[in-house]
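Enquirer: Could you have a look at this structure, given as structure tokens, before my questions?
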Ligand SMILES: Nc1ncnc2c1ncn2[C@@H]1O[C@H](COP(=O)(O)OP(=O)(O)OP(=O)(O)O)[C@@H](O)[C@H]1O
Ligand code: SF4
Ligand SMILES: [Mg+2]
């Protein structure tokens, strides 16, 4: 195991202080969890005082989205699902942030919360320097055109009784993107840019294949000239042969229109192709975040390493050890204490069962939450 020099961790870490099982005999996990929550609240409060990052089109700080599944008769929450729990990241204009993680880890909820399609439970969202987390729907209205989403399923996301022309004209009219007499020309030009023939204008969604429907969905999202587009698994429902066409269309449109993407996917090869930065999510938390090159060349978190090890490597000389993630994903309603990944982690230590690792910066813009990395180990 290679040793890693880490200049960014100034103070002595908890992981260095507490290393073996003996030190945890009779450890009060409940008290530790309360301490963790207190420290998180303090960090959030401290960060709240900071100005927004001037280089970021989107900055998310300590974002939370909890769903209350069960209440008592007085309306007090009895069961809460923490779908997104303290997620922070920044994206610069024109960049693509890829979000990766297993099913149920909170990718969609995070994307929808950023767009305020879900009201955040806590945290801050800065869009173009404005703090929008607390915005009501009226205040969000002028921003709606700037932030759009493309969904995974192009079959259910298009109204079956409207023609392509109507589907694409509607947002243009509602948001007064062009004068009424210019709407048809505008829509036809948009269709051309998205690879849709002009005679599709009069046709209905059921007449099209999945790939063409996804082009219609992309055109609908772009009709209002957005700056940020969240693409939630936009190619997962498509045939492999069509996926590349849609990815290349998204890439071309990004260049032509200077778009910023958040690209959600569980397909690492697609994420590698399209992203500038990558965030790995596990049970509602961001466990690793950084530039694509660093994440792929130098993955640090054991979850990232395990996910990447499952991707076939075309280089026959490359060392490839498939790390099998043991066990099922725990329930997000009752996640494991300490590090949420400890029940499946090949590097788990005693400390991981009791104390949650802090999300720390290990290199410029490369964040990881892991005791093993904190102790100076390198994971590859
Ligand atoms: N409206 C809701 N009410 C209650 N729970 C929800 C709601 N939406 C999502 N969840 C739960 O939140 C968790 C995260 O769900 P989410 O859909 O964000 O995951 P995901 O990473 O997008 O998964 P997938 O890869 O399957 O799309 C899941 O446990 C899900 O059941
Ligand atoms: S903190 Fe521990 S359990 Fe969690 S990822 Fe790191 S080594 Fe694994
Ligand atoms: Mg999803």
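Residue numbers (our numbering): 324 to 703. Each residue gets a CB set at the ideal place from its N, CA and C atoms; glycine is no exception.
Find the nearest neighbour of residue 413 within the set 688, 692 and 699, judged by alpha-carbon distance.
Expert: Checking every option, the nearest Cα to that of residue 413 belongs to 688.
Enquirer: Looking at residue 623: is its Cβ nearer than 8 Å to the Cβ of residue 675?
Expert: No.
Enquirer: Which residues in the same chain have their Cβ closer than 6 Å to the Cβ of residue 561, if we skip the five residues on either side of it in sequence?
Expert: Correct list, in chain order: 533 and 534.
Enquirer: Pull up the distance between the alpha-carbon of residue 471 and that of residue 619, whole angstroms please.
Expert: Distance between the alpha carbons of residue 471 and residue 619 is about 28 Å.
Enquirer: What's the C-alpha gap between residue 554 and residue 513?
Expert: Whole-angstrom Cα-Cα distance: 18 Å.
Enquirer: Does the beta-carbon of residue 388 have 16 or more other beta-carbons within 10 angstroms, so that it is buried, or is it exposed?
Expert: By the neighbour-count rule (16 or more Cβ atoms within 10 Å), residue 388 is buried.
Enquirer: Any idea what DSSP makes of residue 555, helix, strand or coil?
Expert: Residue state, collapsed to three classes: strand.
Enquirer: At a cut of 8 Å, does the segment 415-423 reach the segment 576-588 through at least three beta carbon pairs?
Expert: Touching, yes, given that three or more Cβ pairs across the two stretches are closer than 8 Å.
Enquirer: Of all the beta strand (DSSP E) runs that stay within the bounds of the segment 513-579, which reach a length of 3 or more residues?
Expert: The qualifying runs are 551-555.
Enquirer: Taking any heavy atom of ligand 3 as the mark, which residues have a C-beta closer than 7 Å to it, listed down the chain?
Expert: Taking each Cβ in turn, the ones that pass are 430, 431, 475, 555, 556 and 587.
Enquirer: Indicate whether the contact test is met: 3 or more Cβ pairs, each with one atom in the segment 565-574 and one in the segment 601-612, closer than 8 Å.
Expert: No, they do not touch.
Enquirer: Mapping the DSSP letters down to three states, classify residue 433 as helix, strand or coil.
Expert: In the structure shown, residue 433 sits in a helix (DSSP, three-state: H, G or I).
Enquirer: Identify, in the order they occur along the chain, each residue of the same chain with its Cβ nearer than 7 Å to the Cβ of residue 451, setting aside the five sequence neighbours on each side.
Expert: The answer, listed in chain order, is 380.
Enquirer: Buried or exposed, going by whether 16 or more other CB atoms sit within 10 Å of the CB of residue 432?
Expert: Counting Cβ neighbours within 10 Å, residue 432 comes out buried, since at least 16 surround it.
Enquirer: Could you tell me how far apart the beta carbons of residue 455 and residue 386 are, in whole angstroms, since I believe they sit closer than 8 Å?
Expert: In fact, because the Cβ distance is near 12 Å, the residues do not count as touching under 8 Å.
Enquirer: Determine the DSSP secondary structure at residue 357, reduced to helix, strand or coil.
Expert: Note: residue 357 maps to helix in three-state DSSP.
Enquirer: Could you please give the first and the last residue of the uninterrupted beta strand (DSSP E) stretch that includes residue 446?
Expert: Residue 446 -> beta strand (DSSP E) spans 445-450.
Enquirer: Nearest to residue 536 by CA position, among 519, 372 and 686, is which residue?
Expert: Checked all of 519, 372 and 686; the closest Cα to residue 536 is 519.
Enquirer: Do residue 670 and ligand 2 come close, with the Cβ less than 7 Å from some heavy atom?
Expert: Checking every heavy atom of ligand 2 against the Cβ of residue 670, one is found closer than 7 Å.
Enquirer: Let's test the definition: count the other Cβ atoms within 10 Å of the Cβ of residue 475 and tell me whether it reaches 16, buried, or not, exposed.
Expert: Buried.
Enquirer: Does the distance from the CB of residue 607 to the CB of residue 405 come in under 8 Å?
Expert: Yes, these two residues count as a Cβ contact at 8 Å.
Enquirer: Going by C-alpha to C-alpha distance, which of 530, 436, 540 and 492 sits closest to residue 473?
Expert: Of the listed residues, the one whose Cα sits closest to residue 473 is 540.
Enquirer: Would you say the beta carbon of residue 560 comes nearer than 7 Å to a heavy atom of ligand 1?
Expert: No, since every heavy atom of ligand 1 falls outside the 7 Å radius drawn around the Cβ of residue 560.
Enquirer: Determine, using beta carbons only, whether residue 593 and residue 552 come nearer to each other than 8 Å.
Expert: In this structure, residue 552 does not lie closer than 8 Å to residue 593 by Cβ.
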